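Below is one structure, written out as structure tokens; the observations come after it.
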Amino acid sequence: MAVVESGRRSTRWSRESLTVIGLRLGLLAALLIGWQLIGNDEVRLRMPSAVRTFQSLVKLTFDGDLLPRLYQSNVAMVTGYGLALVVGISSGLAMGLVPLFGSIARPYLLALIALPMIGILPLIQAVFGIGVAARVVVVFVVAFLYVALNSEVGARSIRPELREMAHSFGASRWQMMRYIILPQAFPSIMAGTRLGLQRAISGMVLAELFLSGVGIGSLLSFHRNRLDAGAVFAIALTMVLEGVILLGAARWLERRVTRGYVA
Amino acid sequence: MNPAIEAVSISKTYHDLVSGRETHALDDVNLTVMHGEFVCLIGPSGCGKTTLLKIMDGLLPSDSGTVRVEGKTMVGPGPERAMVFQSFALMPWRTVRDNVAFGLRLRKTDKSATREAVQHYIDLVGLRSFADSYPDQLSGGMQQRVGLARALAVNPDILLMDEPFGSLDAQTRNLLQVDLERIWEADHKTCVFVTHAMDEAVFLSSRIVVMSPRPGRIHEIINVDLPRPRNDQTRTDPRFVELTAYIWDMLRGMIVREEDAA
Amino acid sequence: MNTAEAASVEPPGVSVALTMRLYRGLRRAIGTNMATIATVIGVAVVWEVAGRVWNFLYLPPLSKVLSAMWGLIADGTVPKEMGASLFALGVGMAISIVLGLGLGTLMGVFPVVRKTLDAYVDAMMSAPTVAFVPLFILLFGLGYPTRIATVVLFAIFPLIINAQAGARAVDQNLTEMGRSFGAGRGQMLRELRLPMAYPHIQAGLRMGVARGVDGMMTGEVLIAATGLGGLLGRFGNAFTMDKLYAVILILLAMVILAERIVIVLGWVFVPFGRHRVVARPGS
């Protein structure tokens, strides 16, 4: 890229990004309008219009149980995700640093990744029931795999000559970990946490849909049984938007934090 | 007798959209190449030699001026010209045979004629035992032979070559120069050859066009009076050394002048 | 390669020569997949031993699972449900591939389209879109429309993203060469752009079908009582663990098989030299 008189460049930049933002908002507006037109507000069971959905959302938030239930479900998710991070990063690093362990464990993990999330839900329900514990387990299992495998890749991408160098300077185990291993594994670990978060969120939503019991899932099946499409759509949108926002934040964070690292 | 290919008053300027800077790649360049000539374009970086070659092949439009083949104005590529590329530009998913056949395949030449021609040119460039190999199994020199065979296979009147040996090591380059000379001797095809290397230009050409940069112009045209056919002995001929030194002097002057001005 | 052998051996009949070819092929296939086969055998052994020794209600030994699987296949439960599931999967995948590759290509070719849709497609790709399935159930009922819609919901986004990357994967040197030799637009597409896009298309197909199977199962489990997913839910509720694991194994096999099939289908884009197209890690 050519180096340029700065004034001209920033005008060019913002003109282009303004157009893009304009296009995207325009698309969003078109979608909302189209949705409103398709929607049928007479029959509760038909596709709800945008307005009806929004009304349901407001009602659920202020009169209904939406927020407390959302909180409940998210607590379960955060617990499961946190566990997945702790166990996943440590076992992933172990797999990468201890080749024998890695070559034994890796095929199992890869095989589990091939299995769709839904495959293990009935199993977890059978063992853990339909309460909070089951949700935590679901989130843990689906997130753990990605965190562990990405951490392993990170551990394996460590340049051996740097390890040798630190060893020759007499670095202790802890110093080796802190100065050599973790910094080099860091970008992959961050990627793993982001992917793990994506899986955790999907896992939570899936658990909510399948395990009704408590939390948002039970709210959803309640309104489903009442055939209130507007409420169901509103709840679904809430979960999706929560996912989009959290993942957007995670991606931003990952970019900021791994700036300057060679991936 | 019409010239094989002419560049008439060709000018081209590049505009950098971000910085607003303009680069005068070519400024009113005129070049006439007669049938059977081997012409080299040589000059320091930025003199426009590759730009001129691509304009002659019809890959780039000129801002002004025209390209004429056999007296007729040409816009865009045509079957009478074929190019050999510096990056080889081979399709990695095709065998040597299929790569050489590419131009013929595009022209929907019938299968048996294609097969014959392809075999002939593969043999000509010395790749018979690699006909069914893939490019990633070949060395750089061999890959460029494929590029050459591909260009020859469509039987062009004019062969355009864009620093074809530029990314090869010195030994492979010497071998390929001798091979190209041998192939050229067979039918004296009209060639326009772009290069950085003075010895390569002197070895191969009947005429050398030295270009100067910024703006790109023709600086001097040199007739190479060395006897043909040329071979390794030619490189030690005193006239060869003299010509090479002469061109280097000219080029060095241009480069030094650039650096002083900068 | 093996031409030397042909000279010395006299094949007494077509069938023997064919058997020899198959045998050699099989040996080669086993050789390259040694590690995977070893792992599978390892898992099988551990599962069997652990199941017997531990006697945990929730982990029956592999042999019981396999016999349950055989039972389900033999009495027709699995074939019947699988047929319905595969139908939903097939239709859903067909829609996803056509729409996904189409939209992705448009995005790759037209920057305006790309810049507008980019953010939304990326968001949908990683968002928990499974949340919409209950809505589908309410609106479309418990039958095929919902199941197909779920497959499309899951499968379409990787296809869009990869098709877009494929459309943009252009090697300038090669396209310039193509123009120099006078390639027309159709020829540029077939000879150059499709092979260049192929690794991306293949990655998209694989990811798309894996997600498609996921969508198929998820839809069915949430609808309950239909297809393989329905079996999964039913066996879970009934605590018949051996049958549950059997269905899980079948599901795993389906995913692997579906990926292979879709890769073969993808060969239509590059009828030649497909093993030589520049390989790149899938997304």
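Chains R, E and D, in that order, are what the protein sequence lines are.
When you line the first sequence up against this note's numbering, it's residues 1031 to 1293, in that order.
When you line the second sequence up against this note's numbering, it's residues 301 to 562, in that order.
When you line the third sequence up against this note's numbering, it's residues 261 to 543, in that order.
Backbone N, C-alpha and C fix where the C-beta goes; we use that ideal spot for every residue, glycine too.
Keep in mind the model is a prediction, meaning the values are calculated, not measured.
Proximity to residue i [Cα-Cα], best of the options
i              : options                           : result
residue 381/E  : 457/E, 532/E and 343/E            : 457/E
residue 387/E  : 436/D, 510/D and 355/D            : 436/D
residue 1099/R : 1264/R, 1283/R, 1054/R and 1248/R : 1248/R
residue 370/E  : 309/E, 304/E and 478/E            : 304/E
residue 1079/R : 1167/R, 1061/R and 1092/R         : 1061/R
residue 1159/R : 497/D, 482/D, 491/D and 461/D     : 497/D
residue 373/E  : 428/E, 308/E and 445/E            : 308/E
residue 413/E  : 462/E, 453/E and 445/E            : 453/E
residue 1229/R : 1244/R, 1175/R and 1241/R         : 1175/R
residue 385/E  : 395/E, 364/E, 408/E and 351/E     : 351/E
residue 549/E  : 528/E, 526/E, 499/E and 313/E     : 499/E
residue 481/E  : 497/E, 332/E and 502/E            : 502/E
residue 378/D  : 1054/R, 1137/R and 1149/R         : 1054/R
residue 1117/R : 1077/R, 1173/R, 1070/R and 1152/R : 1173/R
residue 463/E  : 325/E, 341/E and 331/E            : 341/E
residue 302/E  : 368/E, 358/E, 391/E and 524/E     : 368/E
residue 1025/R : 1216/R, 1130/R and 1267/R         : Residue 1025/R lies beyond the range of chain R shown here (1031 to 1293); nothing can be said about it.
residue 448/D  : 501/D, 420/D and 432/D            : 432/D
residue 481/D  : 512/D, 410/D, 532/D and 288/D     : 410/D
residue 1235/R : 1131/R, 1291/R and 1274/R         : 1274/R
residue 520/D  : 489/D, 468/D, 327/D and 278/D     : 468/D
residue 1109/R : 1147/R, 1156/R, 1166/R and 1154/R : 1166/R
residue 1084/R : 1097/R, 1066/R and 1095/R         : 1066/R
residue 404/D  : 331/D, 343/D and 336/D            : 343/D
residue 318/D  : 1087/R, 1129/R, 1218/R and 1156/R : 1156/R
Residue j beta carbon less than 9 Å from that of residue i
i              : j              : result
residue 551/E  : residue 343/E  : yes
residue 302/D  : residue 365/D  : no
residue 1143/R : residue 1223/R : no
residue 414/D  : residue 471/D  : yes
residue 507/E  : residue 306/E  : no
residue 394/D  : residue 1271/R : no
residue 1126/R : residue 1183/R : yes
residue 412/D  : residue 352/D  : yes
residue 1168/R : residue 1237/R : yes
residue 376/D  : residue 1137/R : no
residue 419/D  : residue 356/D  : yes
residue 476/E  : residue 445/E  : yes
residue 1139/R : residue 1226/R : no
residue 457/D  : residue 429/D  : yes
residue 459/E  : residue 491/E  : yes
residue 311/D  : residue 327/D  : no
residue 518/D  : residue 473/D  : yes
residue 514/D  : residue 492/D  : no
Classification of residue i by the beta-carbon crowding that lies within 10 angstroms, buried from 16 upward
i              : result
residue 1282/R : exposed
residue 543/D  : Note on residue 543/D: pLDDT 28, under 50, position unreliable in the model; the coordinate value appears next. It counts as exposed.
residue 1276/R : buried
residue 269/D  : Reliability of the predicted coordinates at residue 269/D is poor, the pLDDT of 48 falling under 50, and the value obtained from them is presented with this limitation in mind. Classification of residue 269/D: exposed, given that the 10 Å Cβ count is below 16.
residue 313/D  : exposed
residue 399/E  : buried
residue 1133/R : exposed
residue 1203/R : exposed
residue 471/E  : exposed
residue 1180/R : buried
residue 557/E  : exposed
residue 1047/R : exposed
residue 499/D  : exposed
residue 284/D  : exposed
residue 1148/R : buried
Which residues of the region 1038–1068 of chain R have a Cβ closer than 7 Å to any Cβ of chain D? Give them in chain order.
1050, 1053, 1054 and 1057
Where the region 380–403 of chain E meets chain D: residues whose CB sits under 9 Å from a CB there: 381, 382, 383, 385, 386, 387, 388, 389, 390, 391, 392, 393, 394, 395, 398, 402 and 403
Alpha helix (DSSP H) runs wholly inside the region 1148–1177 of chain R, at least 4 long, in chain order = 1151–1158
Inset, instruction - Go through the region 321–359 of chain E residue by residue and report every complete run of the alpha helix (DSSP H) that reaches 4 residues or more, in order. - result: 349–357
Notebook entry, point to check: When you check each C-beta in the region 1171–1182 of chain R against every C-beta of chain D, which residues fall closer than 7 Å?
Noted result: none
* Asked: Between the region 389–404 of chain D and chain R, which residues of the former have CB atoms less than 9 Å from a CB of the latter, in chain order?
  -> 389, 390, 391, 392, 393, 394, 395, 397, 398 and 399
Original post:
What are the complete alpha helix (DSSP H) segments, minimum 4 residues, inside the region 394–438 of chain D?
Top reply: 404–428
Item to complete: Give, in chain order, every residue of the region 305–319 of chain D whose Cβ lies closer than 8 Å to some Cβ of chain R.
Response: 318
key: Within 7 Å of chain D by C-beta, residues of the region 1240–1257 of chain R in sequence order   = 1240, 1250, 1254 and 1257
Run through the region 479–521 of chain E for me and flag every whole beta strand (DSSP E) of 3 or more residues, listed as ranges in chain order. 490–495 and 507–512
Item to check | Residues in the region 425–447 of chain D having any Cβ partner in chain E nearer than 7 Å | outcome: 433, 434, 436, 437, 439, 440, 441, 442, 443 and 447
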